[in-house]
Each structure stands twice: as C-alpha cells, then as structure tokens.
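Note sheet for the following structure.
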Amino acid sequence: MEEKPQVIYKIRKSTGKTVTIVILILLLVVLLGYILYTNYNEILTKKETPKVSERTEMYYSEVNTILDQIRLYNEVFKESYPITDVNKIDNQLKLQFGILALEKTENIHNYYKVDDLKEMYYNYFSHSMKVIYEDIKCPVNDKNLYDLNTETNTYTEVSDHEHGMITMNADTYVTSTKIEDSKYIVNTHILYSSYCNGTCSPEGGYYKTYEDCVKSNNPVIFKTSQYDEVKDDLPVTTFTFLKEKNHFLLESVEIKD
1 MEEKPQVIYK IRKSTGKTVT IVILILLLVV LLGYILYTNY NEILTKKETP
51 KVSERTEMYY SEVNTILDQI RLYNEVFKES YPITDVNKID NQLKLQFGIL
101 ALEKTENIHN YYKVDDLKEM YYNYFSHSMK VIYEDIKCPV NDKNLYDLNT
151 ETNTYTEVSD HEHGMITMNA DTYVTSTKIE DSKYIVNTHI LYSSYCNGTC
201 SPEGGYYKTY EDCVKSNNPV IFKTSQYDEV KDDLPVTTFT FLKEKNHFLL
251 ESVEIKD
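Numbers 1 to 257, taken from our numbering, label the letters of the sequence shown in order.
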C-alpha cells in the first residue's frame, strides 16, 4: 500500500509584532534620555544662575524726587509730626495740601477741581488715606480760605482776609536713605525758622522742633552755615514711602531724638 507523503507546516513568526516592540523600546529609551537631560540642565542652570539681590540703595534721582515731596509735606504738616497713620492727619490740613500741591506742581491757581485734588492724594500718599471734601476754613476762624462749590466740585479762593497768614520755614537735610522690605526710607534733619502769626518773632534763629520755633525757645543756630556744628544733636525725622510706578506714597513720619 502506497504511503501518503507527510506534509510538515512551519509556524511563521510575526515580524510585525517584533518591529512594534523594538520601536516602543526605542521610544521609551529616547523619552527617558530626554527627561534625564532636561533635569540635568535644570540643575546646572540653578547652579550657574546667581540670585539677583534686591536693591537697597536709592538712586540719586529718587532721593531728589522724595526730597521735593518732603518739602511740600513740611509746608503743611510740620505741626502734625510725627504721623503714624496718614488717615489721622487733620482733614483740613489734607485739603490744604491738595491745594498747595496743585499750585506748586501743576501751576493751578484759584480754580481747583476735586478730581485734581484726588490725583494729588493718589500720587503723594498711601492709597488707604481718606479725605472729606468740604470748605477749607481759616486757621484764625475768619471767613473760609477756599469755598467748595458742590455743584461743580471745585474750590475757589476767598480773598480779603484782614490778617496775616501763619507761616514758618522748614529747612530739610537728608542724612541717610535706604530701601528695606520694598519701603523707601529717608532720614532727615529739619530746622524750623521764621515763624510769623500776624507778626513775626524778633528772635530769629533756627530751632530743632516746631514747638520751639513757635515759642522762640532755644535756637540751636543762627546761620544755616552752622548746621554741621549741631547736626549730631538734632532729632531725626524719618519719612517712609511705598513706591508705585513712578510715585512715592507717604506712609508715615517718625521723629527720634
């Protein structure tokens, strides 16, 4: 009987699966390499990039700008120093400062808009400060210095006062400045002189406090050229500001003997 030929079937391996596995392994290797490379670069960058320290010294232009502001504050608030909170400043003095700032910085006279005063406060004081807009009274209870028109929201000056105004000079000397915790701190000496209230003090001289000047009590020098002789004995008046954009906003005024 004739034998049937045997047929042997070979199992063919799937090359498609093998290629897929190889590609996945390669992708995994590339991905791990990329992660390791990225992390390594970040470590190197952190080591190589020095930390940028915050500035602690003021620029000359900043000191000049702040000194001009201090001179304005002194014209109105010198009798109120120290100031721990700008909100506690007498409202009438706040209004007087707004008028003065418009006259000195914007050359505006005799027609002062409330909105313009608001801009002055926004540029010169901590934004927590509140102001009540009312007539600006005369310090000696004469007729108002400025009347507020509530319909147009404008102030106009009241003329024909029959008395002299209360005046006093305040010479300011910057002794040191620094930037600390984002605050701009300026230490000064202030010498008060030339007090007049209708009539002027005949004594002359420069005084280390506002009260001494009013009472003509113990002048420390009689010429500004003598400042260096007494500067170590003068109280330090410290003005603290926050900077917002290009504006320095007053937070407080301290006095230390």
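Note that CB positions come from ideal geometry on N, CA and C, so glycine has one too.
Provide the residue(s) that pair with Ala170 in DSSP beta bridges, ordered along the chain.
Tyr192
Lys178 by DSSP, collapsed to three states: which one?
strand
What is the DSSP secondary structure of Thr49, reduced to helix, strand or coil?
With a pLDDT of 48 at Thr49, under the threshold of 50, the modelled position of that residue is not reliable, and the figure given next carries that caveat. Residue state, collapsed to three classes: coil.
Just curious, the alpha helix (DSSP H) that Lys118 is in, first and last residue?
Val114 to Tyr124
Looking only at DSSP bridge pairs, what is Glu157 linked to?
Tyr146
In angstroms, rounded to a whole number, what distance separates the CA positions of Asp233 and Lys243?
31 Å
Run through DSSP, which three-state label would Leu250 get?
strand
Taking the alpha carbon of Asp171 as the reference point, which residue from Glu151, Ser201, Gly198 and Cys213 has its own alpha carbon closest?
Cys213
Might you give, ordered along the chain, the residues of its own chain that have their beta carbon closer than 6 Å to the beta carbon of Glu57, omitting 5 neighbours on each side?
none
Within 10 Å of its beta-carbon, does Asn74 have 16 or more other beta-carbons around it, so buried, or fewer, so exposed?
buried
Using C-beta distances below 6 Å, list every residue in its chain close to Asn187, excluding the 5 sequence neighbours before and after it, in chain order.
Thr175, Ser176, Val236 and Thr238
The stretch 114-128 in contact with the stretch 85-105 per 3-pair CB rule at 8 Å:
yes
DSSP-derived helix/strand/coil call for Phe241
strand
Can you say whether Tyr334 is buried or exposed, counting buried as having 16 or more other CB atoms within 10 angstroms of its CB?
With the chain running from 1 to 257 in the structure shown, residue 334 is simply not present.
In chain order, what residues of the same chain lie with their CB nearer than 7 Å to the CB of Gly98, ignoring the 5 residues before and after it?
Leu117, Met120 and Tyr121
Taking Cβ to Cβ, would you say Ser193 is nearer than 8 Å to Cys200?
no
Cα-Cα separation between Glu254 and Glu62, rounded to whole angstroms:
20 Å
How should Ile190 be labelled, buried or exposed, when 16 other C-beta atoms within 10 angstroms of its C-beta is the threshold for buried?
buried
If you reduce the DSSP assignment to three classes, tell me which class Lys78 lands in.
helix
Given that a residue counts as buried once 16 or more other Cβ atoms are within 10 Å of its Cβ, and exposed if not, what is Gln226?
exposed
Pick out whichever of Phe248, Lys256, Glu157 and Asn197 has its Cα sitting closest to the Cα of Asp135.
Glu157
Label Met168 either buried or exposed according to how many other C-beta atoms from any shown protein chain fall within 10 Å of its C-beta, with 16 as the threshold for buried.
buried
Who are the near neighbours of Thr209 in its chain, counting only those whose CB is closer than 8 Å to its CB and skipping five residues on each side?
Tyr192 and Pro235
Hey, how far is the Cα of Glu103 from the Cα of Cys138?
18 Å
Counted within 10 angstroms of its Cβ, other Cβ atoms place Val140 as buried (16 or more) or exposed:
exposed
How would you write the range of the alpha helix (DSSP H) that Ile99 sits in, first residue to last?
Asn91 to Glu106
Within the same chain, show all residues whose beta-carbon is closer than 8 Å to that of Asn217, passing over the 5 residues directly before and after it, in chain order.
Tyr207 and Glu211
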